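Below is one structure, written out as structure tokens; the observations come after it.
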Amino acid sequence: MMIRRRTFGAGLLATSLPLPAIAQSTGSAGKRGGDVIVAQQAQPPSLDAQTTTAQAARNISLHVYESLFTRDEASNPKPELAEGVDIAADGLTYTFTLRTGVKFHNGKVMTSADAKASMERYAKVGGSGDALKPVAAFETPDAKTLVMKLSRVFPGMIEAISSPRAPYVIMPAEECVKPAGQTAPPMIGTGPFRFVEYRPDSHVKLARFDDYSANMAYEKRDGFTGRKTPYFDSVTFRFMPEGGARTAGLQTGELHVLESLDNAAAKRLKDDKNIRAYTMMPWAFMTLMLNNNWGLTANVELRRAIQAALDLEEIMAISTDGLYRLDPAWQYPDTNYFPGVAGLDAYVKQNQDKAKQLLKAAGYNGEELVLVADNSFKAHLDAATIASEQLRAIGMKVKLSVMDWPTVTATRQKSEGWNMWPLMMGIEPYEGPYNVVGFFAGKQTVQIKQDPVIEDANTKLNTELKLDDRRAAVKQFQARVYDQAISVKVGDVGIIQATRANVMNYAPYRIPRMWDCWFA
Amino acid sequence: MLRIVIPRLLGAVPVLFVVSLIAFGLTLLVPGDMAAEMLGPSATASDLARVRHELGLDQPPLARMAQYYGGLLHLDLGRSILLNQSVTQAILERLPVTMSLTCLGLGMAMLVGIPLGLFAASRSGHLSDQAAMGVALIGLSLPEFWLGLVMIWVLGVKLGWLPTGGWVSLADDPLGWLHHMVMPAGSLAIAQLGLIARMTRSAALEVASSDFVRTARAKGLAEPRVFVRHVLGASLVPILTVAGIAFGVSLGGALVIEQVFSLPGVGRLVIGAVLRRDWPVIQGGLLLTATVFVLVNLIVDLLYLWADPRLRGR
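So the protein sequences, as listed, match chains A and B.
Note that my numbering has the first sequence beginning at 280, numbered continuously upward.
Note that my numbering has the second sequence beginning at 896, numbered continuously upward.
Shown next as structure tokens:
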């Protein structure tokens, strides 16, 4: 017999309500109509939402598709297409109750068969498919129930399947037979906007889905979930690689929303009454990853010397144009797994004398430190440039190799040939601890050499049923990273999203959300 | 004419074969693949392996090579992983954007550059000659992307005369197309204008000292008529040569301009493919570029025959 151990569900309203004519989030009158144009830098690598982790894809796909669970404003897992889930006491059976009457964009009503087919496809082609490895089987006892049976305990399951990283979207079962990368176009989901056209290198156009089944269990927009109301007739996502052209387009009114505006442009436009800038802090971690396996950085004393030599504030201030905060924790404050910052001052404060002593203790003899950085992201290159100068200041010989992004990612996967690599971790810390701790654990760790204490922390995080035990595992991970100088957390990076002033009720989030906002 | 066309086309075959070899070799030599791009830096090894297998990226090099050349023999450039469509179709969809941008830019450059060069030659040694060549030198020295950004700021943001980017099809709306293309083509033209003006001036000065030009002047023809009728006609061969070179340079410049003005042309296709390691598109783009260069050279050779009747009998 299944025991209801814990239930995830929205704060349910007693009755179903018709699609609201006014915006619930502010009480202001929302107005239907208009084609809103959103500019983003990159074109998605694929419109197959399940397969790609790219921000450029999420911006679009999360307007079209929905998942059983997703994240709320504070990044906590919350139901979306599910009403809730019952998790058995042994942690091996998850019973999802699906919302009824939810329609796909092709008119078909969603059932548990679609949810099962979508999850099974994800296990095969999904960008974070490893999370479904503990699943032994999916069962559909009736049209509104999906049962997920696990072969081993995985307490992070709801966190995993609610992540928007490569979202676990639900699509019609007949779409799920398609191979990776081939479900779209067209994109067929249940979201507030339906797919209209894709012009590669130009744009994706969506239109309001007039049969959209808003989730009446919520009162208002809430992160990726909540009660979503589409007001715009259509949304066009334009791909514009040149930042100056995007800013110019916003100034002239050819564009209405920018997924990001650099801080220098935001300062320049602060008096422009036609533009509103919204700052989100935090958006990402800025890190300097170290290869614990090869060359100089295989030596823990030398890694400690690097940690002591770096002026983190200088790196953050320059690489982010001032949009940063110093935060040594490997989880964001005010989140479920925040491990605290007690005792970290000694690690994060620059101390060049100490760095030189550590360098000497490490037996450093003028060998070359290889820093690899990409020129695709300005912040990466800036961070690498400043860090290399700070390391030279303590007498180290540093070689800065600048490559394009794919070459850097391929290089850093090799166990040798690099020592340091700047990386902004965007979606992983937002998701919580699993993909942060997991990044440092397993067969292909980011620091190349497995660390037994981090492996243990990762195992506990993935197996302990008690939240407090999992929190302790994150603390253990953080303490070990600092003690062994496994990697350098430089700080938290913010982001600025921007709209024309006539875009009403906009609120910044992980994607530029085009539901629950409208033209004045 | 066929005596020129056929050997040139046959000569292009080994060139294109070498280009195809280089294009395929790049897939083996350059690090990175599409799966890593789709999954991001924190992807696990098994997620990467699974998606690589799903996308067919884990096939051995020889199998990929056989597939690639098998496709080429059937004029099939392969299938884009990024776009989920055939490379030929992807290129053909974008070719009108790139070719219209290049041709309009080159057309504008020739329309201004040739008269400017002739004017400078006719005023050789005067202040106006130096001023004209100064303008040409400035145009030649300015990078296209910088010019493009300045034009966006001035003509788009400050004056609001022209759109800051985007594309309208010529077939759908000719005026809209022109409205959107003036700035990108203009920024390409300014750079090429300098090259064409300087070459025209130099060719015109050489011809201007010829006996037949002196005879034309002795007949009492007005100086503008001497330059347009006699000097320009005899200077066409070197001008065509430089126009052919300018076309190639403009094509390269168009790749950058497409990025700046968000135009969905071949340049953006190829740059996007390079950044995501969509190898079939990169290979197709290289072959296309080589083919266009071969064809442009051929067209220039044929234009020589039109411009200089003495060459027709050779």
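No residue lacks a Cβ here, since even glycine has one placed at the ideal position from N, Cα and C.
As the structure is a computational prediction, the values presented were derived from the model and not from experiment.
Per-residue DSSP class, three states only, for residue i
i	result
residue 306/A	Its pLDDT being 46, under 50, residue 306/A is placed unreliably by the model, and the measurement read from it follows with that caveat. Coil.
residue 782/A	strand
residue 973/B	coil
residue 981/B	strand
residue 684/A	helix
residue 608/A	coil
residue 676/A	strand
residue 499/A	coil
residue 603/A	strand
residue 1216/B	An answer regarding residue 1216/B cannot be provided, because it is not within the stretch 896 to 1209 covered by chain B.
residue 415/A	strand
residue 299/A	Model confidence at residue 299/A stands at a pLDDT of 35, short of 50, so the residue's coordinates are unreliable and nothing is read from them.
residue 952/B	coil
residue 789/A	coil
residue 1201/B	helix
residue 451/A	coil
residue 356/A	strand
residue 1060/B	coil
residue 331/A	coil
residue 763/A	coil
residue 801/A	With chain A represented from 280 up to 799, any question about residue 801/A goes unanswered, as that position is not in the structure.
residue 771/A	strand
residue 336/A	helix
residue 420/A	strand
Test item: CB-CB of residue i and residue j under 8 Å
i	j	result
residue 816/A	residue 426/A	Outside the displayed span of chain A (280 to 799) sits residue 816/A, for which this structure offers no information.
residue 732/A	residue 511/A	no
residue 351/A	residue 502/A	yes
residue 1102/B	residue 1137/B	no
residue 1000/B	residue 1080/B	yes
residue 399/A	residue 378/A	no
residue 515/A	residue 484/A	yes
residue 442/A	residue 710/A	yes
residue 1143/B	residue 1077/B	no
residue 1166/B	residue 1178/B	no
residue 344/A	residue 460/A	no
residue 690/A	residue 935/B	no
residue 1013/B	residue 1110/B	no
residue 1145/B	residue 1060/B	no
residue 1152/B	residue 1082/B	yes
residue 567/A	residue 662/A	yes
residue 471/A	residue 488/A	yes
residue 766/A	residue 573/A	no
residue 697/A	residue 578/A	no
Closest by C-alpha distance to residue i, when choosing among the options
i	options	result
residue 991/B	1184/B, 1161/B and 1188/B	1161/B
residue 384/A	354/A, 745/A, 474/A and 349/A	474/A
residue 898/B	1203/B, 1201/B and 1197/B	1197/B
residue 752/A	713/A, 658/A and 599/A	713/A
residue 357/A	505/A, 680/A and 728/A	505/A
residue 666/A	685/A, 597/A and 620/A	597/A
residue 702/A	694/A, 337/A and 715/A	715/A
residue 863/B	319/A, 359/A, 406/A and 318/A	In the structure as shown, chain B begins at 896 and stops at 1209. Residue 863/B is therefore absent and cannot be evaluated.
residue 525/A	929/B, 1048/B and 1005/B	1048/B
residue 1204/B	1159/B, 1131/B, 1186/B and 1188/B	1131/B
residue 1056/B	1040/B, 1073/B and 1068/B	1073/B
residue 1062/B	486/A, 438/A, 434/A and 517/A	517/A
residue 953/B	1121/B, 931/B, 972/B and 937/B	931/B
residue 1187/B	1017/B, 960/B and 910/B	910/B
Limits of the alpha helix (DSSP H) - the one that residue i falls within
i	result
residue 1154/B	1127–1155
residue 555/A	Segment 554–569 is the beta strand (DSSP E) holding residue 555/A; no alpha helix (DSSP H) there.
residue 1103/B	1069–1103
residue 627/A	624–627
Range of the contiguous beta strand (DSSP E) that encloses residue i
i	result
residue 319/A	314–319
residue 427/A	424–429
Beta-ladder partner(s) of residue i, from DSSP
i	result
residue 661/A	Bridge partners of residue 661/A: none, in fact.
residue 482/A	478/A and 517/A
residue 704/A	564/A
heavy atom of the ligand ZN below 7 Å from residue i C-beta
i	result
residue 596/A	As far as ligands go, the structure on display features none, and thus does not contain the ligand ZN.
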